[in-house]
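Colleague: Input: one structure, supplied below.
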Amino acid sequence: MWDFSIGRSVSIMMRTWPFIVFRMIVYFGITLAYIMATGTGASVGYGVGHISTDPDGPMSFALWGGVVGFGVVSVAVYWIREYILYVLKAGHIAVMVHLIDGHDVPDGQGQIAYAKEVVTQRFAEANILFVVDQLVKGAIRAITGLIGGIAAFLPIPGLSGIVSFINTVIRLSLTYVDEIILGYNIRINSSSPFETARQGVVLYAQNGKHMVKNAVWLAVIMWGVSFVIFLLMLAPAGAILWVMPGQLAGWAFVLAIVFAWAFKAAFIEPFAIASLMQVYFDTIEGQVPNPEWDRRLAEASSKFRELRDKALGTFGGSRWDSPRAA
């Protein structure tokens, strides 16, 4: 089945409890902002709607007020994504990497300061980490096609529809590959983030079938847990919406999704990252990036070519010896 230890992942989460608390504050704070903005927007819209001569005015304006409030928070979350990546996600990954490798890390709140120092040593500025992260995300989209997707596992004719669907599942399962590459960057103590990210993507691709198998199993586990959380969150979300003007019941569904997202980001994502890093680090032990895979990725992905160009130009990366290397 899978090659990661659930118990070890849970243990890592428990030992990084300051970051779990940090995640809870950030993501549930965002959830609260969504609730307040949606409720305020709906209330204002409901009030304005009474001015309208349309009998459905209050309900209609309340609905659009809620949409505007929800949209404002979404824009704010989009703009702070670099900060969340740099301080929260990268810091947590840095501590998890050290724990996976058996290194001691500070306990308590000192863990966050320690992780920030580690990340700052690797990425002097948040925008560098953000650019690396976006290029890696773009590059990994090509991996599914290059390894043949599920067709490589089930070479059965006449199942094109099912194969297409499961390949979509595989693509969705690659959500955390950029975090895994970030962990690799921190693990090898790199001072050249673009070159290290390039190597990390190639190492992932050349072990793609093994990694994707574990990613799919993990995705199934996560989606199952997330669905249960969503069902549980319908009750409190519905209670909140019950007191809103016009009883906008449809918003209970939206807020339940937001609640489930916050819980997933605070608890489930760290578990997934810890699990996949276990598999990735064990799998690539003793390996070197294959120049053939570097070439294939460069041919298939413009984002990988951009990543490789930055590695070669800005950070002194190397063109790996290969008669076919581009």
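If you use this note's numbering, the sequence shown corresponds to residues 462 to 787, in order. From the three backbone atoms N, C-alpha and C, an ideal C-beta is built for every residue, glycine too.
Are three or more beta carbon pairs between the region 492-501 and the region 740-749 nearer than 8 Å?
Modeller: no
Colleague: Would you mind working out which of Val580, Arg542 and Tyr547 sits nearest His559, comparing C-alpha positions?
Modeller: Val580
Colleague: Tell me which residue opens and which closes the alpha helix (DSSP H) that Leu643 is part of.
Modeller: For Leu643, the uninterrupted alpha helix (DSSP H) run begins and ends at Val638 to Arg648, by DSSP.
Colleague: Quick one, are the C-beta atoms of Ala603 and Phe765 less than 9 Å apart?
Modeller: yes
Colleague: Near Gly644, what residues of its chain come up, given a Cβ to Cβ distance below 6 Å and the 5 sequence neighbours on each side ignored?
Modeller: Closer than 6 Å at Cβ, skipping near neighbours: Ile554, Val558 and Met738.
Colleague: Does the Cβ of Ala786 have 16 or more other Cβ atoms within 10 Å, making it buried, or fewer, making it exposed?
Modeller: Low confidence applies to Ala786: its pLDDT is 37, below 50, so where it sits in the model is not reliable, and the reading given next is rough at best. Counting Cβ neighbours within 10 Å, Ala786 comes out exposed, since fewer than 16 surround it.
Colleague: On a CA-only basis, which of Ser736, Ala503 and Phe732 is nearest Met527? Give me that one, please.
Modeller: Met is not the amino acid found at residue 527; the sequence shown has Gly there. The residue with the shortest Cα to Cα distance from Gly527 is Ala503.
Colleague: Please name the residue, chosen from Lys550, Gly490, Tyr544 and Tyr547, that lies closest to Val534 on a Cα-to-Cα basis.
Modeller: Gly490
Colleague: Pick from Ile718, Met474, Pro654 and Ala735: whose alpha carbon is nearest that of Met679?
Modeller: Note on identity: in this sequence residue 679 is Leu, with Met being the wrong assignment. Answer by Cα proximity: Ala735.
Colleague: Just confirm the distance between the C-beta atoms of Pro750 and Val638, as a whole number of angstroms; I'd bet it's less than 8 Å.
Modeller: The Cβ separation is near 15 Å, so there is no contact.
Colleague: So is Pro479 buried or exposed if we call it buried at 16+ other beta carbons inside 10 Å?
Modeller: By the neighbour-count definition (other C-beta atoms within 10 Å, threshold 16), Pro479 is a buried residue.
Colleague: How long is the line joining the alpha carbons of Phe584 and Leu524, rounded to whole angstroms?
Modeller: 43 Å
Colleague: Does DSSP put Val566 in a helix, a strand or coil?
Modeller: Three-state result, Val566: coil.
Colleague: Determine the direct distance from the alpha carbon of Gly506 to that of Phe732, and round the result to whole angstroms.
Modeller: Going from the Cα of Phe732 to the Cα of Gly506 covers about 41 Å.
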